[in-house]
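Undergrad:
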Amino acid sequence: MTQKLVIIGAGMASGRVIEHLAALDPAAYDITLFNAEPRGNYNRIMLSPVLSGEKTYDDIVTHDDAFYAEHAITCRFGETVTRIDRTRKIVHGAKGDVPYDKLLIATGSAPFIIPVDGRDLEGVITYRDLDDTNAMIAAARPGRKAVVIGGGLLGLEAAAGLAERGMDVTVVHLMGHLMERQLDEAAGYLLRRDLEKRGITVLTGASTTAILGANRVEGVLLADDTALEADLVVMAVGIRPETRLANDAGLEVVRGIAVNAQMQSLSDPDVFAVGECVEFDGHLFGLVAPLYDQAKVVAHGLLDRPDAFTVRDTATKLKVTGCDLFSAGDFADGPGREDIVFRDPARGVYKRLVIEGDRLVGAVMYGDTADGNWFFGLIRDGTEIDEMRETLIFGPAFQGGASADPLSAVAALPPEAEICGCNGVCKSTIVQAIDGGAADLGAVRAATKASASCGTCTGLVEQLLQVTLGDDYAAPAAQPVCGCTGLTHEDVRRLIKAQELKSQPAVWQELGWSTPNGCHVCRPAINFYLLADWPVEYRDDPQSRFVNERKHANIQKDGTFSVVPRMWGGITNAAELRAIADAAEKYDVPTVKVTGGQRIDLLGVKGEDLPHIWADLNRAGLVSGHAYSKGLRTVKTCVGTDHCRFGTQDSTGLGIKLEQILWGSWTPHKVKLAVSGCPRNCAEATCKDVGIVCVDSGYQVGVAGAAGMDLKETERLADVATEAEAIEMTVAFIQLYRENAKYLDRPYKWVAKVGLDWVKNHVVADADNRRALVARFEVSQTVYRKDPWAEHAADAPRFAPLADLTLEAAE
Amino acid sequence: MSWLDIGHIDDIPLRGARLVRTRLGCVGLFRTAEAEVFATSNACPHKGGPLSEGIVHGRKVTCPLHNWVFSLETGEAMGADEGRIATYPVRLDVAGRILIDADALGKRSAA
Numbered sequence: 001m002t003q004k005l006v007i008i009g010a011g012m013a014s015g016r017v018i019e020h021l022a023a024l025d026p027a028a029y030d031i032t033l034f035n036a037e038p039r040g041n042y043n044r045i046m047l048s049p050v051l052s053g054e055k056t057y058d059d060i061v062t063h064d065d066a067f068y069a070e071h072a073i074t075c076r077f078g079e080t081v082t083r084i085d086r087t088r089k090i091v092h093g094a095k096g097d098v099p100y101d102k103l104l105i106a107t108g109s110a111p112f113i114i115p116v117d118g119r120d121l122e123g124v125i126t127y128r129d130l131d132d133t134n135a136m137i138a139a140a141r142p143g144r145k146a147v148v149i150g151g152g153l154l155g156l157e158a159a160a161g162l163a164e165r166g167m168d169v170t171v172v173h174l175m176g177h178l179m180e181r182q183l184d185e186a187a188g189y190l191l192r193r194d195l196e197k198r199g200i201t202v203l204t205g206a207s208t209t210a211i212l213g214a215n216r217v218e219g220v221l222l223a224d225d226t227a228l229e230a231d232l233v234v235m236a237v238g239i240r241p242e243t244r245l246a247n248d249a250g251l252e253v254v255r256g257i258a259v260n261a262q263m264q265s266l267s268d269p270d271v272f273a274v275g276e277c278v279e280f281d282g283h284l285f286g287l288v289a290p291l292y293d294q295a296k297v298v299a300h301g302l303l304d305r306p307d308a309f310t311v312r313d314t315a316t317k318l319k320v321t322g323c324d325l326f327s328a329g330d331f332a333d334g335p336g337r338e339d340i341v342f343r344d345p346a347r348g349v350y351k352r353l354v355i356e357g358d359r360l361v362g363a364v365m366y367g368d369t370a371d372g373n374w375f376f377g378l379i380r381d382g383t384e385i386d387e388m389r390e391t392l393i394f395g396p397a398f399q400g401g402a403s404a405d406p407l408s409a410v411a412a413l414p415p416e417a418e419i420c421g422c423n424g425v426c427k428s429t430i431v432q433a434i435d436g437g438a439a440d441l442g443a444v445r446a447a448t449k450a451s452a453s454c455g456t457c458t459g460l461v462e463q464l465l466q467v468t469l470g471d472d473y474a475a476p477a478a479q480p481v482c483g484c485t486g487l488t489h490e491d492v493r494r495l496i497k498a499q500e501l502k503s504q505p506a507v508w509q510e511l512g513w514s515t516p517n518g519c520h521v522c523r524p525a526i527n528f529y530l531l532a533d534w535p536v537e538y539r540d541d542p543q544s545r546f547v548n549e550r551k552h553a554n555i556q557k558d559g560t561f562s563v564v565p566r567m568w569g570g571i572t573n574a575a576e577l578r579a580i581a582d583a584a585e586k587y588d589v590p591t592v593k594v595t596g597g598q599r600i601d602l603l604g605v606k607g608e609d610l611p612h613i614w615a616d617l618n619r620a621g622l623v624s625g626h627a628y629s630k631g632l633r634t635v636k637t638c639v640g641t642d643h644c645r646f647g648t649q650d651s652t653g654l655g656i657k658l659e660q661i662l663w664g665s666w667t668p669h670k671v672k673l674a675v676s677g678c679p680r681n682c683a684e685a686t687c688k689d690v691g692i693v694c695v696d697s698g699y700q701v702g703v704a705g706a707a708g709m710d711l712k713e714t715e716r717l718a719d720v721a722t723e724a725e726a727i728e729m730t731v732a733f734i735q736l737y738r739e740n741a742k743y744l745d746r747p748y749k750w751v752a753k754v755g756l757d758w759v760k761n762h763v764v765a766d767a768d769n770r771r772a773l774v775a776r777f778e779v780s781q782t783v784y785r786k787d788p789w790a791e792h793a794a795d796a797p798r799f800a801p802l803a804d805l806t807l808e809a810a811e
Numbered sequence: 001m002s003w004l005d006i007g008h009i010d011d012i013p014l015r016g017a018r019l020v021r022t023r024l025g026c027v028g029l030f031r032t033a034e035a036e037v038f039a040t041s042n043a044c045p046h047k048g049g050p051l052s053e054g055i056v057h058g059r060k061v062t063c064p065l066h067n068w069v070f071s072l073e074t075g076e077a078m079g080a081d082e083g084r085i086a087t088y089p090v091r092l093d094v095a096g097r098i099l100i101d102a103d104a105l106g107k108r109s110a111a
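Structural data, given as C-alpha cells:
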C-alpha cells in the first residue's frame, strides 16, 4: 500500500533520500516535497565556483523538473511550512495542508548572525544558498571593497570568489589562524600566504564589534578600533541547525533535532530527520559525506530495512583554485598520540600525520595533497601502519630512498635574496663566485665580501657553498639553535629578514622545523627575533616567553614572585615610598630589599596577588621596573651637578631621559645602563652594557662592559659634546644590538663577535645609519613603550586558578 | 569516572596553562593545540617548580625553574632527567568545556 511521505527541505541530503527510495521501491511512497527556496535540489557545494564565475546555476542543478515529474513527486517549491501537527499528522504549508504517514525533516541549517549593531543593513549578506550567491554577484564590482567575517571553509570560498570578481577583499577571523577546526597552525599559515598572494587581506585574532553605515553598509569596526571600509559584508561565521519547526512541533531538540541511529526523532518514530538540522550522539554535521550516509539509513528506515548510522571521520578540501589543502580525521585531542611532520619549504609543502598506537588517526596536508585520499583510507579503515611507519609520510608510492633536504631553506631562496646585509651581497652573486672557483668561505669573502663584516651570515654562505658544490664541500660544524632545526641563531635571524618571515608558524614552515611548534629553547628566541625585526606586524607571544616575562615578575624558588617598581634614574619621593610600604603591608610581603640598580624589591608576592599589587602601585604612579626582562632594566645615576661638588653634567637628568626613552623595549638579553657625573664614577658606569661618564667637555659613551659571570670594562664607543648626541649614540647602539645579536648574548659577547670597529662604523661613522637605527627603535617603541602592569592588572582573572576544587564540599 | 566541568578551553591560552587548586595540591591544565588539553600534577619532582608556569611545546612542558621537560601524555621526564609527574584524565566536550575526572583526583588522595 502506498503511504504518504512529506519532506520539508529540498537539499542535498533529502535529495539523496529520494534517489534511494526511487531506486529501491518507487511505489512505496507518494512524496510531497516542500522547499522554501523557489527551486529544487542543487549542489550547494558548488556555489563557490558559481560565485567565482567558473560555473553557472544550470551547471549545478542535481534534480531538474524532469526528475521530479518522472518520479511523480509533488513539488511545493517557494512555499514555507508554517506548522507540523503531529497529533493529526498534518503539515501546514503556506498554501495548504498535506497529511502524512511519515515525515522527513530536512531543513538544513541557518547561518549564524553575530549580534552586532548594523547586522541588518543592506549589503550585509550571509552565504548559504543560491540567492545569497546571486546577491554577492550583483554587489561585486571590480575595485569595490568586501569584508568577509569568518575565516572558515565557507568564508574563504566567498573571499576567493569575490576576489576573483575583482573585489578588494579583507577576511576578518576571530581565531589565531584560518580554518582552525580543520587545519593546524602551520597549514593555516600556508593557506594565509596563498590567499595573500591573491591580494586578499587576512586579519586573524580580529573581533567584529559593529557594522557601520547609515542606510547601507559602509564599513566594519573591529575590537581594536580598526575601521575597514566595505561596500559588501559577507557574514560566514558558522551555521546552526534550523530547528524552529521541530521545536514548535514539540520534538526533542538539543542543538539539532535529536535522532537515533535510524535517524528517527527520539520523540516520534514517524518523524525522521536528515542532514545539517540533525544532532546524533552529540555530533552535528556540516560536510556532505555523513549526510549521504544518513540519507541511505533514512531510505532504509522508511522501507523497514534494518540499517544504522554511525559517525565516521570526514575529510575536508577547500574549493579554492590554487589553495591545495586537505585535512582528515582527528589531529587534536587525546593522549598517547605522536606526530610525523614533513616540511618542504621550497615547494610550500606541509604534511602532518597523527598516529595513535599503530593506527593513523589524523592527517593535515598543504601544498601537495595527492596522497590525501590514501591517508584518509588508512584513517577510515583503521589500517595497522606499524610496518610502513618509517616511510608512511612519503605516501603510497614511496619505495625507499629520498629524504628531506636539510639545506632546502637556503636552496629555496630566490637569486636576488640578500644574504649579507652589511655588504649588500645577494645569493646569485655568491653562487656566481662559487661557480667561478671560490671553493671555501675565505675565497667567497675575498670575491664578494659576503660575511666579511659582522659575520652573522657566515652560516648561510657556508650552506650556499654546500648547496652549490655538493659533496665537494665539507662544512665546519656550527651550533644549531636547538634540536628543532639545523640552523644557527645567525642563520635564522638573517632568513627571517631575507624571507620576510613574520610569524612563528612561518618560521617553522619556511625554515623546516622538525617539531610542530618548537621547544622551550627556540620559541623565546624566535619570538624575540620576530618582534625585533617586525615590531608592527608581529604580535608578541606570551606563551613563548619564560615565566618571568610572561608574569612580569621574577619567580622565586618557592613559586612566589618578586615585584620591582621602576624608579626613574633611581629617584623617588615620599608618596612613592609610602605606596610601596602600603603594598608591602597589604600583601604580606616577607622581604623588602634595596637592589643594586637603585630601586626597591618586594620579594615573596603570591602569583594571584600580582595584578592587585600592580594596580595599587599604578595608582601611586609607579610602573613596572622590568626587573624580570630581557630588556632595559635600570639606568643607574649619581646625583651629578644638582648636589655634588664634583659633578660636571646633569647625570641624573640624563639617566632619567635615557630610561624614559628606552623602557619597555625587549633586547636579546638584559641591558643595564649607568650615567656618572664625573670620572670618579660613583654610578659604576664602566662595567655596564652602556655606561656614560660625564666630563667637562661632554660625555664619554662606553659600551660592552660586564659585571656578572665575566668582569669587563666598557670600551669607548664615542666622545660627544652634547646630551642629545649621547642619547642618540646610546639608542642607536641598543637598536643595532637588538637587530643583530644572538638571543641571550649580552652586548659584551655580541661586540666581541662582530668587533667594536664594525659597531662604530654603523653607529658613529655613518650618521645617516645612526639616525635610521634611532628611527627604527622609535617605531618599535610605539608598540612596546608602555606599562605591562597596567595592561595586565585589568586581566586579573587570568592570574587566578582556573578552578578551585578545595571549595567543593567533601563527598 | 565522574566528569567535572572546570572551565572552557578558551580560558587557557594556546600553548599556555592554568592552575586548578584541589584539596590535595595543585593540578596544571595545559592547552597544547586549538582543541587539546592535558592535566598533570603541577609540581616538578626535581625542586617542586610550578609546571603550569613553564613553556608548553608539542605535547610537552618545560619546568620554569631548571628546564626539566615532561611528556604531558605519559608524565615521564624526557632526556637524561629521571622522574615522573601524575597525569589525570581530562577531555573536551563539543562546546569546548573542559571536563576532568574527579575520581582520578580523588585517588590522588588515597595514594
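Chains A and B are the protein sequences, given in the same order.
For the first sequence, position 687 matches number 687 in full-length UniProt numbering, and the numbering has no gaps at all.
For the second sequence, position 53 matches number 53 in full-length UniProt numbering, and the numbering has no gaps at all.
Every residue gets a Cβ at the ideal spot worked out from N, C-alpha and C, and that includes glycine.
(1) For A/Q3, which residues of its own chain have a beta-carbon under 8 Å away from its beta-carbon, when the five flanking residues on both sides are left out?
(2) Grab the span of the beta strand (DSSP E) containing A/W623 for me, first residue to last.
(3) How is A/E387 classed by DSSP in three states: helix, strand or coil?
(4) Between B/R15 and A/N517, how many whole angstroms is the CB-CB distance? I'm expecting something under 8 Å.
(5) For A/K557, go through chain B and note every residue whose CB falls closer than 8 Å to its CB, in chain order.
(6) Identify every residue that forms a DSSP beta bridge with A/R83.
(7) Taking C-beta to C-beta, are A/Y350 and A/Q509 nearer than 8 Å?
(8) For a contact defined as C-beta to C-beta under 7 Å, what are the partners of B/I15 on chain A?
(9) Does at least one heavy atom of the ligand FMN sit under 7 Å from the Cβ of A/Q781?
(10) For chain A, find out if any of its Cβ atoms is closer than 8 Å to the Cβ of B/L51; answer yes or no.
(11) Looking at chain B, is there any beta carbon in it that lies within less than 8 Å of the beta carbon of A/P801?
(12) Does the beta-carbon distance from A/T448 to A/T429 come in below 8 Å?
(13) Do A/K593 and A/D616 have their C-beta atoms within less than 8 Å of each other?
(14) Compare the C-beta of A/F280 against all C-beta atoms of chain B and say whether one is closer than 8 Å.
(15) In chain order, what are the residue ranges of uninterrupted beta strand (DSSP E) at least 3 long that sit wholly in the segment 603-685 of chain A?
(16) Ignoring anything shorter than 4 residues, give me the alpha helix (DSSP H) runs that lie fully in the segment 226-284 of chain A, in order along the chain.
(17) Might you give, ordered along the chain, the residues of its own chain that have their beta carbon closer than 7 Å to the beta carbon of A/M46, omitting 5 neighbours on each side?
(18) Do we get a CB-CB distance below 8 Å when we pair A/T806 with the residues of chain B?
(19) Can a CB atom of chain B be found closer than 8 Å to the CB of A/V547?
(20) Could you compute how far the alpha carbon of A/A741 sits from the alpha carbon of A/C426?
(21) Using the beta-carbon count (16 or more within 10 Å), is A/G470 buried or exposed?
(22) So what does DSSP say about A/A13, is it helix, strand or coil?
(23) According to DSSP, simplified to helix, strand and coil, what is A/A793?
(24) Taking 8 Å as the threshold (C-beta atoms), are A/V703 and A/V690 in contact?
(25) Using a Cβ distance threshold of 8 Å, determine whether the segment 742-751 of chain A contacts the segment 699-717 of chain A, with at least three qualifying pairs required.
(26) Mind checking A/G387: buried by the 16 CB within 10 Å criterion, or exposed?
(27) So A/W150 and A/G238 are in contact, right, with Cβ under 8 Å, and what is the actual spacing, rounded?
(28) Give the single residue among A/N41, A/R633, A/R198 whose Cα lies nearest to the Cα of A/A66.
(29) Contact check, A/T488 vs A/Q479 under 8 Å by CB: the rounded distance?
(30) Distance check for A/V507 and A/Q781, CA to CA, integer angstroms please.
(31) Run through DSSP, which three-state label would A/L501 get?
(32) Specify the secondary structure class of A/M365 as computed by DSSP and reduced to three states.
(33) Using a beta-carbon distance below 8 Å, is B/L29 in contact with chain A?
(34) Taking Cβ-Cβ distances shorter than 7 Å, what residues in chain A pair up with B/T22?
(35) Might you give, ordered along the chain, the residues of its own chain that have their beta carbon closer than 6 Å to the beta carbon of A/P797, omitting 5 neighbours on each side?
(36) Let me see if you follow: with CB-CB separation under 8 Å, is A/G176 close to chain B or not?
TA: Working from what's here:
(1) A28, Y29, D30, D101, K102
(2) With the sequence shown as reference, residue 623 of chain A is identified as Val, and Trp is not the correct amino acid for it. Note, A/V623: premise wrong, no beta strand (DSSP E); not H, not E.
(3) Coil, per DSSP.
(4) 7 Å
(5) Chain-ordered, the chain B residues with CB closer than 8 Å to the CB of A/K557 read K47, L65.
(6) A/H92
(7) Here A/Y350 is near A/Q509, since their CB atoms are less than 8 Å apart.
(8) Rather than Ile, the amino acid found at residue 15 of chain B in this sequence is Arg. Those within 7 Å of B/R15 in chain A are N517, Q543.
(9) Inclusion of the ligand FMN in the displayed structure is not the case, the ligand content being empty and no account of it being possible.
(10) Chain A contact via Cβ: absent.
(11) yes
(12) yes
(13) no
(14) no
(15) Within the segment 603-685 of chain A, the runs of beta strand (DSSP E) that reach at least 3 residues and sit entirely inside it are, in chain order, 632-637, 671-676.
(16) 244-248
(17) Correct list, in chain order: K55, I60.
(18) yes
(19) yes
(20) 21 Å
(21) exposed
(22) helix
(23) helix
(24) Result yes, Cβ atoms of A/V690 and A/V703 sit closer than 8 Å.
(25) yes
(26) Residue identity check: residue 387 of chain A is Glu in the sequence provided, not Gly. Answer is exposed; the Cβ neighbour count stays below 16.
(27) In the sequence as displayed, the identity of residue 150 of chain A is Gly instead of Trp. Going by Cβ atoms, the distance from A/G150 to A/G238 rounds to 7 Å, so yes, they are a contact pair.
(28) A/N41
(29) 6 Å
(30) 24 Å
(31) coil
(32) strand
(33) By this cut-off, B/L29 is an interface position.
(34) Chain A residues near B/T22: L805, T806.
(35) Within the same chain, A/P797 has no close Cβ partners at all.
(36) yes
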